[in-house]
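Read through the structure below, which is laid out as structure tokens, and then see the notes.
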Ligand SMILES: Nc1nc2c(ncn2[C@@H]2O[C@H](COP(=O)(O)OP(=O)(O)OP(=O)(O)O)[C@@H](O)[C@H]2O)c(=O)[nH]1
Ligand SMILES: [Mg+2]
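In this note's numbering, the protein residues as written are 6 to 302.
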């Protein structure tokens with residue numbers, strides 16, 4: 006392959022939890038790659054979404070919100086976010102209009118040291134006023150002078166076209182990194198686990214969603230039907246009861262919501278079976294974390 010006139014690069018989206026990274030990712034890629042909920046720590050992996058045209062291939066990465074790890078799962082999540090600092094051709098640092106600038110100083114220090122161009126997105130400007138926003142912009146300008154600050158609203162799609170233009174202008178000359186028809190680095194099964202996890206985040210309260218992992222045991226695709234056997238893993242017996250609910254009603258509801266989404270995503274009929282299993286303290290167990298796709302140092 007020759008690279009005359011072709012541009013390609015990694016655009017890595019990082020920032021604190023809940024600022025709208027995944028919402029922006031999906032807008033930029035134009036597909037529902039990442040799950041989005043109002044709860045912090047929705048994204049747990051680094052997920053790539055790839056935009057291809059004849060002259061360009063942009064490889065976007067969505068990452069988990071940055072946090073101080075309390076257990077091994079979160080150590081792996083932070084590792085994914087930090088890895089995105091190292092290989093970025095363009096770093097997209099996302100904050101929002103409510104977040105304090107000094108939240109997670111340790112990560113910001115690393116952002117300051119990157120040599121790649123930094124686009125600092127102030128998201129959710131639909132929630133603020135011009136005067137407030139000017140103050141926020143000035144505050145960030147002082148902290149990250151090298152960054153180009155772009156106020157946006159992902160939900161209102163405000164300034165997104167401008168953002169895309171800036172990204173396209175900054176993408177370096179390079180041959181493509183992936184085949185030109187690739188949309189993501191993740192297999193179909195991954196999106197199944199994510200869509201089920203999204204419903205669990207939406208449907209259950211407090212600690213439950215954070216104690217849950219989803220695995221796909223079986224994924225059989227035929228011409229018009231996909232048969233899926235999935236496993237919901239929890240940490241304690243009491244959580245298993247809550248997930249299943251009175252007479253299995255809660256799990257049934259989650260299953261129905263997930264199936265509908267999966268049918269839209271795959272454009273096929275879905276037969277979805279769900280089982281719940283207790284794996285004590287899985288969030289701290291190396292062997293299980295590896296099995297679920299979390300890298301450990
Ligand atoms: N008002 C408003 N809400 C937004 C905007 N963008 C995202 N949100 C909401 O913010 C919440 C978090 O969005 P996500 O995209 O999941 O945030 P994230 O940064 O990926 O979060 P983690 O994966 O937990 O780190 C969701 O409820 C979104 O609907 C915006 O421009 N304005
Ligand atoms: Mg996210």
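Glycine included, each C-beta is placed from N, C-alpha and C at the ideal position.
Check: Less than 7 angstroms separating the Cβ of residue 39 from some heavy atom of ligand 2?; Outcome: yes
Check: Please report how far the alpha carbon of residue 257 lies from the alpha carbon of residue 197, in whole angstroms.; Outcome: 16 angstroms
Check: Between which two residues does the beta strand (DSSP E) containing residue 235 stretch?; Outcome: 230-239
Check: Using only the alpha-carbon positions, how far apart do residue 42 and residue 27 sit?; Outcome: 9 angstroms
Check: Verify the contact flag: residue 166, CB atom, against every heavy atom of ligand 1, threshold strictly below 7 angstroms.; Outcome: no
Check: Below 7 angstroms CB to CB, which residues in the same chain sit around residue 25 once its five sequence neighbours on both sides are set aside?; Outcome: 99, 101, 128, 129 and 159
Check: Between the C-alpha atoms of residue 269 and residue 208, what's the straight-line distance to the nearest angstrom?; Outcome: 20 angstroms
Check: What whole-angstrom Cβ distance do residue 301 and residue 81 have, given they're in contact under 8 angstroms?; Outcome: 6 angstroms
Check: For residue 391, I'd like the list of residues in its chain whose CB is within less than 7 angstroms of its CB, leaving aside the five on either flank, ordered along the chain.; Outcome: Absent from the structure is residue 391, since the part of the chain shown begins at 6 and ends at 302.
Check: Please report the straight-line C-alpha distance between residue 262 and residue 200, rounded to a whole angstrom.; Outcome: 9 angstroms
Check: Please state the DSSP three-state secondary structure of residue 80.; Outcome: helix
Check: Using only alpha-carbon positions, find the residue among 191, 186 and 155 that is nearest to residue 39.; Outcome: 191
Check: Which same chain residues end up closer than 6 angstroms to residue 33 when comparing Cβ atoms and leaving out the 5 residues on each side of it in sequence?; Outcome: 65
Check: When the Cα atoms are used, what is the spatial distance from residue 288 to residue 85?; Outcome: 16 angstroms
Check: Three or more C-beta pairs under 8 angstroms: does that hold for the region 44-61 against the region 176-191?; Outcome: yes
Check: Please tell me whether, using a cut-off of 7 angstroms, the distance from the CB of residue 216 to the nearest non-hydrogen atom of ligand 2 is below it.; Outcome: no
Check: What residues are listed by DSSP as bridge partners for residue 154?; Outcome: 125
Check: Apart from the five residues just before and just after residue 121, which ones in its own chain have a Cβ nearer than 8 angstroms to its Cβ?; Outcome: 93, 94, 95 and 96
Check: May I have the straight-line CA-CA distance separating residue 267 from residue 242, to the nearest angstrom?; Outcome: 28 angstroms
Check: Would you grab the beta carbon distance between residue 276 and residue 206 for me? Rounded to a whole angstrom, and I think it's under 8 angstroms.; Outcome: At roughly 23 angstroms, the Cβ-Cβ gap does not stay under 8 angstroms, so residue 276 and residue 206 are not in contact.
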